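Each step along the sequence shown adds one to the number in the UniProt record's numbering, with nothing skipped, and position 83 is 83.
Note that the Cβ used here is the ideal one computed from N, Cα and C, for glycine as well.
These numbers come from a predicted model, not from an experiment.
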Amino acid sequence: MPKDLKSEEGEKYNFAVGSDHAGFSLKERIKEYLCGEGRAVLDVGIHTLRSVGTGPVAEKVGRLVAKGKCEKGILVCGTGIGMAMGANKVFGIRAALCYNQFTASYAKRHNDANVICLGARVLGEELAIKCVRTWLREEFLRDKYAQRLAYLDVI
Numbered sequence: 001m002p003k004d005l006k007s008e009e010g011e012k013y014n015f016a017v018g019s020d021h022a023g024f025s026l027k028e029r030i031k032e033y034l035c036g037e038g039r040a041v042l043d044v045g046i047h048t049l050r051s052v053g054t055g056p057v058a059e060k061v062g063r064l065v066a067k068g069k070c071e072k073g074i075l076v077c078g079t080g081i082g083m084a085m086g087a088n089k090v091f092g093i094r095a096a097l098c099y100n101q102f103t104a105s106y107a108k109r110h111n112d113a114n115v116i117c118l119g120a121r122v123l124g125e126e127l128a129i130k131c132v133r134t135w136l137r138e139e140f141l142r143d144k145y146a147q148r149l150a151y152l153d154v155i
């Protein structure tokens, strides 16, 4: 069952999800999918269609993942670009903009993305769920790409 940020004290979640107003409906659908798969989901907002910027939501999800309170994050805005830019400002976050199953696969396999960002105005609901499912099923190819991640940690 999804919980709001206030109930997060001391609990660990599989996912932190968040959106702006443009991504609200898609975020809700992704949350339903994850909960249906038995995943623990923390919804950091927004919880209404009130217009908001992407920065505060991207930062909340990023910090929860970076601190280990959530294993992964999913962010949704109109294009996914603003959320990706915001989340990547948080140290330890590797947020990837995904717009099809190929990019979702490579976000995990080659870059070990711990946050994915989706565009509600770009993706249909079905494709967005396929992106999430693909990202979750892939494994990071550590032997081949570990040095890439090590370099990113020192930039």
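Starting from the Cα of D112, find the closest Cα among G86, F91, I93, F140 and give me that residue. Counted from its first residue, the sequence shown places residue 112 at position 112. Cα-wise, what sits closest to D112 is F140.
Taking just the CA atoms, how far does F102 sit from E126? One-based indexing of the sequence shown puts residue 126 at position 126. One-based indexing of the sequence shown puts residue 102 at position 102. Taking the Cα positions, E126 is about 15 Å away from F102.
Expected contact under 8 Å - CB spacing of L42 and L118 to nearest Å: Your numbering for residue 42 matches position 42 in the sequence shown. Your numbering for residue 118 matches position 118 in the sequence shown. With a Cβ gap of about 17 Å, L42 and L118 do not count as contacting.
Could you tell me if residue 204 is buried or exposed, where buried requires 16 or more neighbouring beta carbons within 10 angstroms of its beta carbon? Beyond the ends of the chain as shown, which are 1 and 155, falls residue 204; an answer cannot be given.
Backbone CA spacing between A95 and L75 [nearest angstrom]: Translated into the one-based positions of the sequence shown, residue 95 becomes position 95. Translated into the one-based positions of the sequence shown, residue 75 becomes position 75. Spanning the two alpha carbons is a distance of roughly 9 Å.
Assigned exposure category for residue 206 - 16 Cβ within 10 Å defines buried: Any answer about residue 206 is impossible in this case: the structure gives the chain only from 1 up to 155.
Can I30 and V132 be called in contact, C-beta distance under 8 Å? Here residue 30 corresponds to residue number 30 of the sequence shown, with the count starting at 1. Here residue 132 corresponds to residue number 132 of the sequence shown, with the count starting at 1. Cβ atoms of I30 and V132: closer than 8 Å.
Can you pull the DSSP bridge partners for V76? Position 76 of the sequence shown holds residue 76. Answer by DSSP bridge pairing, in chain order: S19, L118.
Identify every residue that forms a DSSP beta bridge with C70. Start at 1 with the first residue of the sequence shown, and residue 70 comes out as number 70. Beta-bridge pairing links C70 to Y13.
Between the Cα of K89 and those of N100, Y145, P56, A128, spot the shortest distance and give me the residue it belongs to. As a working mapping, residue 89 is identified with position 89 in the sequence shown. Answer by Cα proximity: P56.
Output the distance between the C-alpha atoms of L152 and E28, rounded to the nearest integer angstrom. Numbered from its first residue, the sequence shown carries residue 152 at position 152. Numbered from its first residue, the sequence shown carries residue 28 at position 28. When rounded, the separation of the alpha-carbon atoms in L152 and E28 is 32 Å.
Quick one: grab the DSSP three-state call for V65. Locating residue 65 in the sequence shown gives position 65, where the first residue counts as 1. It is helical.
Residues near R148 by beta carbon distance below 8 Å, same chain, minus five either side: Within the sequence shown, numbered from 1, the residue matching residue 148 stands at position 148. Contacts found: H110, N111.
The beta strand (DSSP E) that contains D43, what's its start and end? For this step, residue 43 is matched to residue 43 along the sequence shown. Where D43 is concerned, the enclosing beta strand (DSSP E) stretches over 41 to 43.
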